[in-house]
Ligand code: OOG
Ligand code: MG
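In our numbering, the protein residues as written are 6 to 267.
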């Protein structure tokens, strides 16, 4: 750690304020070039505590930068992890007021819902599949609090990995019913297909993202609890949306979900 508690508390309050008021900010490493991963996750944890203190419920986690498309788009080559609270959830077919966000983008993702807890270290794909209740289609809406969506690894971790909203729905599936690697996705914006991919884009197998999350949490003596929802990471590049956009995700044999931006 390079930061003291009061700096971590101050930066968490600042980033969350930017989120809640939809205002952008300079990235933290501009002020603190030596910020470490540990500092960054400590800021993220402090943001989570702020939300929980105000009554939010942590409903799960997200993995980010788990596909080549996303790593290339954001110029960062390491997967990262964030938390999800109930307030981020938007119903399928719902509308998001774009004034509540800074510069939103959407990502097609496979979500895992766990039936039993999962703890690292040493967690592997087989354990993830055994602990998964079902998988479901998800659209993640990311919204970096940093100016022009530009950041480095510690800054984006501190900013809860750009988490903002998510939609799940369609037809849930048991993991044995689908081939998670060849599972095809089509993301449409305003009725036009704009991004395409398959599950293997995420770390060769999307369950690997969940295993990695369990192993990261394990280092801090934490685990993925039963019932948690985990977004395994964008399969394709993120697609920017504007006021008036509507997006639909079609996931092979798993139905479609969508949302609008007003
Ligand atoms: C960081 C979050 C990335 C994903 O699915 O790869 C992410 C960002 O690109 O802003 O959620
Ligand atoms: Mg994502």
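Don't be surprised by glycine CBs; every beta carbon is placed ideally from N, CA and C.
For residue 261, the enclosing beta strand (DSSP E) covers residues 260 to 266.
The set of residues with a C-beta under 6 angstroms from any non-hydrogen atom of the ligand MG comprises 67, 69, 112, 114, 145, 147, 236, 238, 239, given in chain order. In this structure, the CA atom of residue 93 is about 31 angstroms from the CA atom of residue 7.
For the segment 122 to 201, the full-length alpha helix (DSSP H) segments reaching 4 residues or more read 130 to 136, 158 to 163 along the chain. In this structure, the alpha-carbon of residue 173 lies about 23 angstroms from that of residue 76. Straight across, the Cα-Cα distance linking residue 115 with residue 178 is about 11 angstroms. Within a 10 Å sphere around the beta-carbon of residue 246 sit 16 or more other beta-carbons, which makes this residue buried.
Of all alpha-carbon atoms in 243, 47, 72, the one lying nearest the alpha-carbon of residue 154 is that of 243.
With contact defined as three or more Cβ pairs closer than 8 angstroms, the segment 153 to 167 and the segment 39 to 59 are in contact. Rounded to whole angstroms, residue 263 and residue 257 show a C-alpha spacing of 15 angstroms. When DSSP states are grouped into helix, strand and coil, residue 256 belongs to the strand group. Spatial neighbours of residue 39 in its own chain (CB-CB distance under 7 angstroms, excluding positions within 5 residues in sequence) are listed in chain order as 7. Put simply, the segment 142 to 160 touches the segment 20 to 33. At least three CB pairs are less than 8 angstroms apart. Following the DSSP letters along the chain, one finds residue 111 in no alpha helix (DSSP H) but inside the beta strand (DSSP E) bounded by residues 110 to 119. Apart from sequence neighbours up to five positions away, the residues of its chain that approach residue 61 with a beta-carbon distance below 8 angstroms are 90, 91, 92, ordered along the chain. Around the CB of residue 26, fewer than 16 other CB atoms lie within 10 Å, so the residue is classed as exposed. In the displayed model, residue 85 falls within a strand according to three-state DSSP. Apart from sequence neighbours up to five positions away, the residues of its chain that approach residue 24 with a beta-carbon distance below 7 angstroms are 150, ordered along the chain. In this chain, the alpha helix (DSSP H) harbouring residue 223 covers 212 to 224.
Between residue 221 and residue 190, the alpha-carbon positions lie close to 28 angstroms from each other. Leaving aside the five residues that flank residue 117 on each side, the residues in its chain whose CB is nearer than 6 angstroms to its CB run, in chain order, 137, 140, 215, 235.
Secondary structure at residue 65: strand, using DSSP grouped into helix, strand and coil.
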